[in-house]
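Under this note's numbering, the very last position in the sequence shown is 147; numbers go up by exactly one each time. Backbone N, C-alpha and C fix where the C-beta goes; we use that ideal spot for every residue, glycine too.
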Amino acid sequence: MMPPRIPVTEAQIDRVVLQFYARVRAHPALGPIFAAHITDWPAHEEKIGRFWRNALLLQRCYDGNPMQAHVAAGNVKTQHFAVWLSLFDAVLEQELSPPLAQAWSALVHRIGRGLSYGLPQQDGKAQMPYLGEALTKKAPVPAQSGE
Numbered sequence: 001m002m003p004p005r006i007p008v009t010e011a012q013i014d015r016v017v018l019q020f021y022a023r024v025r026a027h028p029a030l031g032p033i034f035a036a037h038i039t040d041w042p043a044h045e046e047k048i049g050r051f052w053r054n055a056l057l058l059q060r061c062y063d064g065n066p067m068q069a070h071v072a073a074g075n076v077k078t079q080h081f082a083v084w085l086s087l088f089d090a091v092l093e094q095e096l097s098p099p100l101a102q103a104w105s106a107l108v109h110r111i112g113r114g115l116s117y118g119l120p121q122q123d124g125k126a127q128m129p130y131l132g133e134a135l136t137k138k139a140p141v142p143a144q145s146g147e
């Protein structure tokens, strides 16, 4: 068995997920977005708990596709992720020790960034990640010496 990516317990994961979705349901922007798609909150929270057990504890208990789910929702936009991340970070800080909260937060931000790349922006276009100038421009051909 592999050691966990972040040494949290299943109980801590469950508390974070429950607290996060309580905040989501109460949030004026995110609440309606989630309410449009989730009718069975306990089942959704259990599924997301499996996602985090998979991501953090390396358990093989989640078989969903988060990107596909968020794209298919149709009303999830990249600008929602800043709010989503701030709520998640607040819950992590409330529920975990600073080292565990920081480690989980780093993973959350990486996942959020990845998910947001495939979602429409306010203008309806998908965001393409900036890969750096070196990858978007051709490098000059060096001059040959001695010619």
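For a cut-off of 8 Å, the C-beta gap from Trp52 to Ile13 is around 5 Å, short enough to register as a contact.
Its Cα nearest to that of Leu119, the residue His80 stands out among Gly31, His80 and Glu10. Going by DSSP, Ala90 is part of the alpha helix (DSSP H) stretching over His80 to Glu95.
The Cβ atoms of Leu85 and Trp104 do not sit closer than 8 Å to each other. Assignment of Lys77 by DSSP, reduced to helix, strand and coil, places it in the coil class.
Secondary structure at Ile48: helix, using DSSP grouped into helix, strand and coil. Taking C-beta atoms as the reference points, Val17 and Leu56 fail to come closer than 8 Å.
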